[in-house]
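Quick note: the sequence shown, position 61, residue 648 per the working numbering, numbers continuous.
Right, one structure below, let's go through it.
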Amino acid sequence: MLAQQRQEAILERVRRDGGVRVADLVRELGVSDMTIRRDLEVLAERGLVEKVHGGATIAGSAATREPGFAAKSVRQRAEKEAIARRAARMVRPGSAIALSAGTTTWALAHHLLDVPDLTVITNSVRVADVFHRADRPDRTVVLTGGVRTPSDALVGPVAVAAIRRLSVHTLFLGVHGMSVRAGFTTPNLLEAETDRELVASAQQLVVLADHTKWGTIGISSIAALEEANAVVCDTGLAEDARSELEARVGELILVDPVPRREAVAR
Numbered sequence: 588m589l590a591q592q593r594q595e596a597i598l599e600r601v602r603r604d605g606g607v608r609v610a611d612l613v614r615e616l617g618v619s620d621m622t623i624r625r626d627l628e629v630l631a632e633r634g635l636v637e638k639v640h641g642g643a644t645i646a647g648s649a650a651t652r653e654p655g656f657a658a659k660s661v662r663q664r665a666e667k668e669a670i671a672r673r674a675a676r677m678v679r680p681g682s683a684i685a686l687s688a689g690t691t692t693w694a695l696a697h698h699l700l701d702v703p704d705l706t707v708i709t710n711s712v713r714v715a716d717v718f719h720r721a722d723r724p725d726r727t728v729v730l731t732g733g734v735r736t737p738s739d740a741l742v743g744p745v746a747v748a749a750i751r752r753l754s755v756h757t758l759f760l761g762v763h764g765m766s767v768r769a770g771f772t773t774p775n776l777l778e779a780e781t782d783r784e785l786v787a788s789a790q791q792l793v794v795l796a797d798h799t800k801w802g803t804i805g806i807s808s809i810a811a812l813e814e815a816n817a818v819v820c821d822t823g824l825a826e827d828a829r830s831e832l833e834a835r836v837g838e839l840i841l842v843d844p845v846p847r848r849e850a851v852a853r
């Protein structure tokens with residue numbers, strides 16, 4: 588049984604029974620105590636379960652729970668920084684791009700401050716603020732407007748109407764989760780609608796997602812995996828997840844947070 592399949596089986600058991608014991612999982616799945624504990628660590632890191640002494644219990648609904656920007660910004664910092672650094676190399680001077688809301692796209696914004704003649708469309712208050720603080724006359728930033736979410740995204744009909752009139756070369760999209768079945772997802776219904784409009788406005792879709800996003804499913808889908816021209820992730824991504832993404836996205840780019848290396852899987 589692959590790690591992802593085992594973790595899905597564990598999660599299903601937790602959701603059914605409300606909790607599991609490590610000893611029971613070792614016996615039922617026929618793997619070591621250490622393997623189960625690693626699986627629980629992965630699920631807890633994704634916010635799907637809460638670890639307790641000797642096992643795990645169900646967490647709040649991960650499909651609809653939306654952590655605030657501050658809470659997300661301290662997770663996988665090294666991975667997000669490496670992903671942002673690599674994604675910045677895909678931006679050419681004089682181009683028009685869009686950045687969705689998210690802590691990884693926020694990290695990317697910092698790496699774009701020296702790119703000349705840049706036009707940036709964003710529905711992220713945080714991303715817009717990065718560019719505002721480093722004001723330069725050859726850069727245009729369009730903040731969509733809309734209703735503010737816990738992750739500091741602007742969403743809803745105002746944001747959708749603003750984006751619908753625009754066209755960009757590349758969208759850099761941050762996501763809550765990604766999976767074969769649901770594609771790229773978010774826990775916020777209005778944000779999903781806004782992100783779908785961003786996808787429609789762009790000639791190319793580049794998804795920025797660290798390895799913990801794999802297997803996490805938000806309540807609403809933004810796009811199928813096949814719609815991504817590229818996914819920039821880190822080398823912590825499991826082998827089975829790599830295979831699934833390689834088969835479905837245009838290009839899978841993996842970066843190693845330390846040291847600074849990268850691997851183009853396809």
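Where a beta carbon is used, it is the ideal one built from N, C-alpha and C, also for glycine.
Point to revise | When N816, G617 and H763 are compared against T773, the one with the closest alpha-carbon | key: H763
Closest Cα partner of T781 within the set V728, A749, K659 and S766
Minimum Cα distance to T781 is reached at A749.
Query raised in the report: Three-state secondary structure (DSSP) at H640?
Result: Coil at H640, not helix or strand.
Continuous beta strand (DSSP E) assignments of at least 3 residues falling wholly in the region 775-844: 789-795, 807-810, 817-821 and 839-843
According to DSSP, is M765 part of a helix, a strand, or is it coil? strand
ask   = Excluding sequence positions up to five away, which residues of its chain have a Cβ less than 7 Å from the Cβ of R600?
value = Counting only Cβ-Cβ distances below 7 Å, and skipping sequence neighbours, we find V607.
Next on the checklist: So, with DSSP's three-state summary, where would you put A685?
Outcome noted: strand
**Asked** Is the region 659-672 touching the region 802-811 in the sense that three or more CB pairs, one from each, lie closer than 8 Å?
**Response** No, the region 802-811 does not touch the region 659-672.
For R679, the nearest candidate out of R726, A694, S687 and L776 (CA to CA): R726
Which residues DSSP lists as bridging F759, in chain order: L686 and V793
*Does DSSP classify R593 as helix, strand or coil?*
helix
Are there 16 or more other CB atoms within 10 angstroms of the CB of M765, so buried, or fewer, so exposed?
buried
- Message: Quick test of the definition: if touching needs 3 or more C-beta pairs under 8 Å, does the region 734-747 touch the region 789-800?
- Response: no
**Q.** Three-state secondary structure (DSSP) of T736
**A.** coil
Hey, how far is the Cα of R624 from the Cα of L812? 29 Å
- Task: Measure how close the beta-carbons of L695 and A675 come, nearest whole angstrom, since I'm counting them as under 8 Å.
- Result: 6 Å
Three-way DSSP call (helix, strand, coil) for R664 in this model:
If DSSP states are grouped into helix, strand and coil, R664 belongs with the helices.
>> Looking at L753: is its Cβ nearer than 9 Å to the Cβ of A685?
In response: yes
Legend entry - DSSP-derived helix/strand/coil call for V707: strand
Pull the bridge partners of T772 from the DSSP assignment, please.
G764 and S808
*Opposite T727 in the DSSP bridges: which residues?*
T727 is bridged by DSSP to T706.
Closest by CA to H698, which one among F718, R720 and R672? R672
* To do: Verify whether the separation of the beta carbon atoms of V819 and I670 is less than 9 Å.
  => Yes. Within cutoff.
- Message: Please list the terminal residues of the continuous alpha helix (DSSP H) segment that includes V629.
- Response: D620 to E632
Worksheet item: Rounded to the nearest angstrom, how far is the Cβ of E838 from that of A817, given a contact under 8 Å?
Response: About 4 Å separates the Cβ atoms of E838 and A817, confirming a contact at the 8 Å cut-off.
- [ ] Out of T709, D821, D843 and T644, point me to the one whose CA is closest to W801's CA.
- [x] D821
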